[in-house]
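Engineer: Take this structure first; my questions come after.
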Amino acid sequence: MTTNQDLSILTLIANASLLVQLVMGGLLLLSLMSWWHIFNKIFTLRNARARTESFEAAFWSGADLSRLFQQVSAQPGVGMERIFEAGFNEFVKLRRQNGIDLSALMEGTRRAMKAACQRELDRLDAHTSFLASVGSVSPYIGLFGTVWGIMNAFRSLANVGQASLAHVAPGIAEALVATAIGLFAAIPAVVAYNRFAHDIDRLANRFDSFIEEFSNILQRQAAK
């Protein structure tokens with residue numbers, strides 16, 4: 005067997021100790037789960053942005069609010085659509101009550117929109133904490149496997165009459181694979197988490213701005 009074959013990645017993994025192999029397997033599982041959440045979140049946020057832009061275009065086109073409410077209610081809403089639906093529905097309900105003043109009317113409407121906004125942000129933010137955990141923990145898990153593997157490599161030298169680099173190099177190389185897999189799991193998770201957090205913050209700002217603008221429109225209607 006050549007040196008190149010002995011130090012190939014698959015050979016190093018196969019020859020690693022059981023604990024190091026378990027660490028590698030756990031890190032690979034975390035990596036696969038991370039990529040699943042990454043792709044799922046990409047499509048979720050892309051859909052939320054597209055639906056938000058489409059709704060904003062319809063809302064600011066001067067469409068009748070009652071008709072727009074019926075259109076939004078007829079299908080499952082996303083993001084800003086649900087905020088509009090919750091706010092307009094609460095506004096209509098409170099306005100039918102006799103003796104309610106303008107401040108109570110608008111406070112209830114804003115509260116309904118804020119609650120809907122928080123639910124939408126929680127939905128968009130789902131599983132991003134998992135990516136953050138993978139990004140922060142994976143390198144340390146890989147480092148644990150590396151330290152354990154290096155310990156075994158040096159302990160094996162006690163059974164060798166004359167120690168040399170050729171005896172310890174394969175064991176150290178096997179151990180370092182655990183750190184490499186840990187970084188392979190952590191780096192995409194950290195990059196994705198930062199990107200998703202940025203996109204969700206931008207959507208949150210758009211939702212907050214819409215709540216204020218829609219509240220002003222409803223307030224002007226209620227004051228007529």
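Just add 4 to wherever you are in the sequence shown, counting from 1, and you've got my numbering.
Note that beta-carbon positions come from the ideal geometry of N, C-alpha and C, so glycine has one too.
Grouping DSSP H, G and I as helix and E and B as strand, with all else coil, what is TRP40?
Structural biologist: helix
Engineer: Roughly how many angstroms lie between the CA atoms of LEU276 and LEU106, to the nearest whole one?
Structural biologist: This structure cannot settle anything about residue 276, because the visible part of the chain is limited to 5 through 228.
Engineer: Using three-state DSSP, classify ALA78 as helix, strand or coil.
Structural biologist: coil
Engineer: Nearest CA to the CA of GLN117: which residue from ILE87, HIS41 and ILE221?
Structural biologist: Looking at the sequence shown, residue 117 is not Gln but Met. Of the listed residues, the one whose Cα sits closest to MET117 is ILE87.
Engineer: Hey, out of PHE218, ALA130 and LEU22, whose CA is closest to PHE92's CA?
Structural biologist: When only C-alpha atoms are compared, the closest one is PHE218.
Engineer: Got a sec, what are the start and stop residues for the alpha helix (DSSP H) GLY149 sits in?
Structural biologist: If you look at GLY149, you'll find it in the alpha helix (DSSP H) that goes 132-159.
Engineer: Going by CA-CA distance only, name the one from LEU222, GLN223, GLN225 and ARG210 that's closest to ARG55.
Structural biologist: ARG210
Engineer: How should ARG114 be labelled, buried or exposed, when 16 other C-beta atoms within 10 angstroms of its C-beta is the threshold for buried?
Structural biologist: A residue is called buried once 16 or more other Cβ atoms fall within 10 Å of its Cβ, and ARG114 is buried on that count.
Engineer: Taking just the CA atoms, how far does SER38 sit from ARG50?
Structural biologist: 18 Å
Engineer: Using three-state DSSP, classify SER219 as helix, strand or coil.
Structural biologist: helix
Engineer: Does the contact criterion of 3 or more C-beta pairs under 8 Å hold for the region 151-162 versus the region 175-184?
Structural biologist: yes
Engineer: Take PHE59 as the anchor and find which of LEU180, GLY81, PHE43 and ARG127 has the nearest alpha-carbon.
Structural biologist: GLY81
Engineer: Please tell me whether ILE154 and ALA179 are closer than 8 Å, where the distance is taken between their beta carbons.
Structural biologist: yes
Engineer: Using DSSP with H/G/I as helix, E/B as strand and the rest coil, what is ASN102?
Structural biologist: coil
Engineer: What's the C-alpha gap between LEU72 and GLU57?
Structural biologist: Distance between the alpha carbons of LEU72 and GLU57: 15 Å.
Engineer: For the candidate residues LEU147, ARG224 and HIS202, whose alpha-carbon lies nearest to that of GLY186?
Structural biologist: LEU147 is the residue among LEU147, ARG224 and HIS202 whose C-alpha sits nearest the C-alpha of GLY186.
Engineer: What would DSSP say about ILE212, mapped onto helix, strand or coil?
Structural biologist: Correcting the residue identity first, residue 212 is Asp in this sequence and not Ile. The three-state reading of DSSP puts ASP212 in helix, counting H, G and I together.
Engineer: Straight-line CA distance for GLY139 to ALA201?
Structural biologist: 14 Å
Engineer: Here's the rule I'm using: 16 or more other beta-carbon atoms within 10 Å means buried, otherwise exposed. How should SER133 be labelled?
Structural biologist: Counting Cβ neighbours within 10 Å, SER133 comes out exposed, since fewer than 16 surround it.
Engineer: I believe GLY29 touches ILE145 by the beta-carbon criterion, under 8 Å. Please report the beta-carbon distance rounded to the nearest angstrom.
Structural biologist: Wrong, their Cβ atoms sit about 11 Å apart, outside the cutoff.
Engineer: Measure the beta-carbon distance from ARG99 to LEU109 and round it to whole angstroms, keeping in mind my assumption that it falls under 8 Å.
Structural biologist: 6 Å
Engineer: Please report the distance separating the alpha-carbon of GLN225 from that of GLY112.
Structural biologist: One C-alpha to the other measures close to 15 Å.
Engineer: How big is the Cα-Cα spacing for ASP68 and ILE215?
Structural biologist: It is roughly 18 Å from the alpha-carbon of ASP68 to the alpha-carbon of ILE215.
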